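Data block below; observations after.
Residue numbers (the UniProt record's numbering): 1 to 292.
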């Protein structure tokens with residue numbers, strides 16, 4: 001009889017009490033759920049396992065993800081599927097615009113997967129989607145959470161020409177963790193993208209996840225880098241591990257620390273800072289419409 005070694009099973013981390021969220025319920029949530037299914041829309045609420053989906057959908061709002069739900073990149077933090085995307089759906093802009101109109105969305109957030117497989121990086125569909133929403137719902141304000149387009153700034157410019165009210169590109173993490181967390185991305189390329197956005201005079205926004213192993217000084221330095229790039233709005237939230245194959249949660253950041261970062265960001269010069277365990281890029285996005 002061969003004696004096999006005993007391999008301890010790593011216990012699943014228990015989330016702190018401050019990360020508990022309500023299950024999605026209610027008539028408005030069911031209505032949004034029906035629209036998303038009927039019109040075959042991809043939402044980052046679902047693909048990103050957002051903890052605020054119940055709250056946001058319950059209020060009759062959602063963040064739309066265009067260009068499919070398969071990403072060409074394989075970031076270690078992200079729950080969106082990685083692989084070879086399907087062909088571009090040229091009717092998607094009209095479907096998204098129709099759903100925004102049906103839902104009577106006042107402030108619409110749009111994001112997308114990275115489409116490094118496309119020469120235009122998906123920027124044509126991006127511009128067409130924004131323009132379609134403008135035609136169908138001219139009173140609706142827009143926030144766009146853009147990829148970095150691999151540094152092809154002509155593609156970024158194509159989207160910026162549509163003049164969304166808020167333009168966002170997430171830094172995601174601090175400089176020292178970028179290679180580990182965002183394998184195909186570059187910290188300085190993200191800052192360059194944000195500088196291009198802010199140089200157009202648009203409200204510029206970025207976000208960072210905390211709990212990946214960063215130090216306090218790393219976060220404060222990232223704030224300085226973002227301000228130097230012209231960013232006006234900063235979001236800070238707790239990283240949540242989608243599956244065991246993704247980057248582990250290194251730290252659970254206490255709400256008091258988030259409060260410290262919020263005040264630090266405001267003191268440094270950001271116009272608006274959303275900082276809390278459950279904050280995500282599009283959380284309370286409608287509050288970020290202010291004069292700059």
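Quick reminder that beta carbons are idealized off the backbone N, C-alpha and C, glycines included. Owing to the predicted nature of the structure, the values given are computational and were not obtained by experimental measurement.
Best match in 172, 280 and 167 for proximity to residue 214 [C-alpha to C-alpha]: 172
Does the beta-carbon distance from residue 210 to residue 236 come in below 8 Å? yes
Please confirm if the region 58-78 is in contact with the region 169-188, defined as three or more CB-CB distances below 8 Å between the two stretches. yes
Run through the region 194-262 for me and flag every whole beta strand (DSSP E) of 3 or more residues, listed as ranges in chain order. 203-210 and 233-238
Three CB pairs or more closer than 8 Å across the region 262-282 and the region 83-99: no
Please list the segments of the beta strand (DSSP E) lying wholly inside the region 122-148, counting only runs of 3 or more residues, in order along the chain. 141-145
When you compare each of 265, 252 and 283 to residue 18 by their alpha carbons, which one comes out closest? 252
Where does the unbroken beta strand (DSSP E) through residue 162 begin, and where does it stop? Note, residue 162: premise wrong, no beta strand (DSSP E); not H, not E.
Put residue 281 into one of helix, strand or coil per three-state DSSP. coil
Using DSSP with H/G/I as helix, E/B as strand and the rest coil, what is residue 99? helix
In terms of DSSP beta bridges, what is residue 82 paired with? 71
For the alpha helix (DSSP H) containing residue 172, list its first residue and its last residue. Residue 172 -> no alpha helix (DSSP H), and no H or E assigned at all.
Quick one: what's got a C-beta closer than 8 Å to residue 1's C-beta in the same chain, skipping five residues either side? Interpretation of residue 1 is limited by its pLDDT of 40, a score under 50 that renders its predicted location unreliable; the figure taken from the coordinates is listed afterwards. Once the five neighbours on either side are set aside, residue 1 has no close Cβ partner at all.
Using C-beta distances below 6 Å, list every residue in its chain close to residue 178, excluding the 5 sequence neighbours before and after it, in chain order. 187
Checking 8 Å against the spacing of the C-beta atoms, do residue 129 and residue 110 come in under that value? yes
Closer than 7 Å by C-beta to residue 122: which residues in its own chain qualify, once you throw out the five before and the five after it? Chain order, please. 67, 112 and 115
Does DSSP classify residue 36 as helix, strand or coil? helix
Just the Cα atoms here: how many angstroms apart are residue 118 and residue 192? 21 Å
Here's the rule I'm using: 16 or more other beta-carbon atoms within 10 Å means buried, otherwise exposed. How should residue 106 be labelled? exposed
Per DSSP, what are the beta-bridge partners of residue 272 in this structure? 233
Between the beta-carbon of residue 81 and the beta-carbon of residue 69, is there less than 8 Å? yes
Cβ atoms of residue 144 and residue 159: under 8 Å apart, would you say? yes
Alpha carbon to alpha carbon, how far is residue 268 from residue 40? Give it in angstroms, no decimals. 43 Å
Kindly indicate which three-state DSSP category residue 93 falls into: helix, strand or coil? helix
Please report the straight-line C-alpha distance between residue 84 and residue 263, rounded to a whole angstrom. 42 Å
Could you check the C-alpha separation between residue 16 and residue 124 for me, to the nearest Å? 43 Å
Can you tell me the Cα-Cα spacing of residue 234 and residue 53, whole angstroms? 20 Å
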